[in-house]
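Residue numbering for the sequence shown follows my numbering, beginning at 27 and increasing consecutively.
Right, one structure below, let's go through it.
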Amino acid sequence: MLDQYSREELKGKSMLVLASLILKDTKKALDFQELYNQIAELKGLTKQAKENQIAQFYTELNVDGRFITLGSNVWGLKEWYPVDQADEQITAAPKKRKKKKADEFDEEELEYEADLVELGEEEEEEVVDEIDEFDEDYDEDLDEEEEEELEVEIDLDDEEDEE
27 MLDQYSREEL KGKSMLVLAS LILKDTKKAL DFQELYNQIA ELKGLTKQAK ENQIAQFYTE
87 LNVDGRFITL GSNVWGLKEW YPVDQADEQI TAAPKKRKKK KADEFDEEEL EYEADLVELG
147 EEEEEEVVDE IDEFDEDYDE DLDEEEEEEL EVEIDLDDEE DEE
């Protein structure tokens, strides 16, 4: 596609048009920097002009509906990817949150409380607030069944401590 235009015609085209032509010619997605360097070469940009225009080009590439990022700053033409396929390639699977066991939370809370001894009053209040938020977040994460299991575990721990 690029070879059907003269050097002067290419220089007169917008960077987005050139990006589209380059991607169509290579028939594969390209790293942003590689794509931008090819465009800059076709347009005959000086080093200073390249530096001045890179942010604008990146913004336009993001906004233009013809292009899609495939992650890791690799860009392709949206027309190459059916909607379902594009979503699969660019959307990472959500990470599952690992629920902590009750004793893991206790250890973290004990570390906070141990640090309180070394802190002044102002810092102590901040840490106490953090502990309270931590406890609230933990309570919100538990469903009723887990909460009952936790209460049983805590009761058993208390009985062992009393002995």
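Don't be surprised by glycine CBs; every beta carbon is placed ideally from N, CA and C.
Predicted model only: the values in this text are computed from it and were never measured.
Can you give the Cα-Cα distance for residue i and residue j, rounded to whole angstroms?
i    : j    : result
S98  : Q79  : 21 Å
D57  : W106 : 16 Å
R92  : L36  : 19 Å
Q74  : A66  : 11 Å
L49  : G70  : 19 Å
L87  : A55  : 13 Å
R33  : A45  : 15 Å
Y84  : P108 : 23 Å
K53  : G38  : 23 Å
D113 : K76  : With a pLDDT of only 49 at D113, under 50, the local geometry of the prediction cannot be trusted, and the value read off the model is given with reservation. Roughly 32 Å separates the two Cα atoms.
D212 : L68  : Within the shown structure, residues of the chain are numbered from 27 to 189, placing residue 212 beyond reach of any answer.
V43  : L96  : 19 Å
D90  : T72  : 25 Å
M27  : Y62  : 17 Å
K104 : Q64  : 20 Å
V100 : I94  : 8 Å
Is it right to say residue i is buried, meaning 16 or more other beta carbons lie within 10 angstroms of its own, or is it exposed?
i    : result
M41  : buried
G102 : buried
Q59  : exposed
Q30  : exposed
Q82  : exposed
Checking the sheet assignment: what are the DSSP bridge partners for residue i?
i   : result
I94 : G102
D51 : Paired residue(s): none; D51 is not in a bridge.
Where do the N-terminal and C-terminal ends of the alpha helix (DSSP H) with residue i fall, by residue?
i   : result
K76 : 73-89
Y31 : Element bounds for Y31: n/a, residue is neither H nor E.
Y62 : 58-69
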